[in-house]
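Asker: This is the structure, below, for whatever I ask next.
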Amino acid sequence: MKYSPVWRTIVVGILRPLLFTLLKRDWKGQENIPRTGGVVIAPNHLSESDPLALAHFVYTAGRFPVYLAKDSVFKSRVLGHILRRTGQIPVYRDRSDAGLALRDAEKGLRSGESVIFYPEGTCTRDPDLWPMTGKTGAARVALTTGVPVVPVAHWGAHELLRYGTKKIRLFPRKTMHVVAGPPVDLSKYEGRPLDAETLTAATADIMAAIAALLGELRGETPPETLYDHRAATRAARAAKRVADENDKDGTDDTDGENEEAKAS
Numbered sequence: 040m041k042y043s044p045v046w047r048t049i050v051v052g053i054l055r056p057l058l059f060t061l062l063k064r065d066w067k068g069q070e071n072i073p074r075t076g077g078v079v080i081a082p083n084h085l086s087e088s089d090p091l092a093l094a095h096f097v098y099t100a101g102r103f104p105v106y107l108a109k110d111s112v113f114k115s116r117v118l119g120h121i122l123r124r125t126g127q128i129p130v131y132r133d134r135s136d137a138g139l140a141l142r143d144a145e146k147g148l149r150s151g152e153s154v155i156f157y158p159e160g161t162c163t164r165d166p167d168l169w170p171m172t173g174k175t176g177a178a179r180v181a182l183t184t185g186v187p188v189v190p191v192a193h194w195g196a197h198e199l200l201r202y203g204t205k206k207i208r209l210f211p212r213k214t215m216h217v218v219a220g221p222p223v224d225l226s227k228y229e230g231r232p233l234d235a236e237t238l239t240a241a242t243a244d245i246m247a248a249i250a251a252l253l254g255e256l257r258g259e260t261p262p263e264t265l266y267d268h269r270a271a272t273r274a275a276r277a278a279k280r281v282a283d284e285n286d287k288d289g290t291d292d293t294d295g296e297n298e299e300a301k302a303s
């Protein structure tokens with residue numbers, strides 16, 4: 040993974056003072072993030088303000104954060120240049136390029152980088168802002184490379200920029216509560232084929248650890264079953280198809296009745 044130490048220093052020098060100003064901090068568990076060696080950091084995802092705020096936490100723990108970011112962000116001439124020079128990893132949506140991000144992440148982990156995976160893949164759609172079920176990428180690269188997975192939960196920074204809005208709420212000054220837990224125990228999956236069953240189970244363990252940490256921060260008990268956004272989306276689409284078909288059948292019946300009425 041190619042990056043410029045100078046650019047990393049420049050970015051940190053600009054962002055750290057800004058983040059110190061914007062957010063108060065309540066941070067715990069930074070000792071659970073290894074100071075050296077490859078590590079997957081797996082946080083919950085609440086809003087678009089998460090990455091910068093979480094990067095502050097990870098950097099203060101002694102690591103430079105490397106994110107997987109959608110490739111469209113890299114198309115910006117200025118931002119794309121900064122992301123590339125600091126070693127960030129583009130995630131391509133095209134199916135033919137979809138695996139490149141995971142391969143780049145594996146390379147980074149083998150070279151000792153701290154790579155941040157949002158297992159949910161997007162901001163949570165859970166109505167109560169609990170984590171959703173996760174995608175298997177984080178588990179796959181961790182089991183492939185043998186690096187630890189450190190679960191992280193955060194709460195509060197989403198008040199700065201809530202998901203789905205573009206309005207930044209600077210005041211009152213928000214507090215970002217963050218806790219990093221001990222690495223998730225994935226030893227029972229070592230040596231097993233990385234098939235769907237193994238990856239799904241390992242991902243569920245990672246998400247359960249994140250949800251438990253978030254429960255500690257919120258002083259609440261997380262749901263036993265995490266919200267499955269993909270399943271909910273499929274169910275909604277299926278329901279819409281049924282409703283559309285019923286509407287169509289109803290229209291056809293009405294047309295037939297009208298024709299009969301005219302004939303009589």
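Per the numbering used here, the very first residue in the sequence shown carries number 40; after that it's consecutive. Glycine included, C-beta positions come from ideal geometry on N, C-alpha and C.
How big is the Cα-Cα spacing for G330 and L54?
Answerer: Absent from the model: residue 330. The displayed extent of the chain is 40 to 303, so no value can be given.
Asker: For a test of the three-state rule: what should DSSP assign to S153, helix, strand or coil?
Answerer: S153: strand per DSSP, three-state reduction.
Asker: Let me check one thing: in DSSP terms, what residues is I128 bridge-paired to?
Answerer: L107
Asker: Can you tell me whether A144 is buried or exposed? The criterion is at least 16 other CB atoms within 10 Å of its CB, across all chains shown.
Answerer: buried
Asker: Do V191 and G77 have their CB atoms nearer than 8 Å?
Answerer: no
Asker: Since G147 and V154 are thought to touch, with beta carbons under 8 Å apart, how far apart are those beta carbons, to the nearest angstrom?
Answerer: 5 Å
Asker: Cα-Cα, which of P222, P104, E152 is closest to T75?
Answerer: E152
Asker: Given this structure, state the Cα-to-Cα distance separating G32 from N71, to the nearest angstrom.
Answerer: Here the chain comprises residues numbered 40 to 303, so residue 32 is not present and cannot be evaluated.
Asker: DSSP three-state label for P90, please.
Answerer: helix
Asker: Is it the case that the Cβ atoms of A81 and A177 are separated by a distance below 8 Å?
Answerer: With a cutoff of 8 Å on beta-carbon distance, A81 and A177 are scored as near each other.
Asker: For W169, report the span of its beta strand (DSSP E) as first-last.
Answerer: No beta strand (DSSP E) holds W169; DSSP gives it neither H nor E.
Asker: Would you call the segment 166-177 in contact with the segment 247-260, where contact means no fewer than 3 C-beta pairs closer than 8 Å?
Answerer: yes
Asker: Who does A144 pair with in a DSSP beta bridge?
Answerer: Bridge partners of A144: none, in fact.
Asker: Apart from the five residues on each side of it in sequence, which residues of its chain come closer than 8 Å, Cβ to Cβ, to F156?
Answerer: V79, I80, A81, L107, A144, G176, A177, V180
Asker: Using the three-state DSSP reduction, which class does K287 fall into: helix, strand or coil?
Answerer: Reduced to three states, the DSSP call for K287 is helix.
Asker: Determine the DSSP secondary structure at A240, reduced to helix, strand or coil.
Answerer: helix
Asker: Can you look up H84 in the DSSP assignment and give me helix, strand or coil?
Answerer: coil
Asker: On a CA-only basis, which of K206, A140, L122 is nearest S88? Give me that one, please.
Answerer: The residue with the shortest Cα to Cα distance from S88 is K206.
Asker: Skipping 5 residues on each side, what residues in its chain have a beta carbon closer than 8 Å to that of L85?
Answerer: Around L85: C162, T163, L168, H193, W194, A196, H197, Y202.
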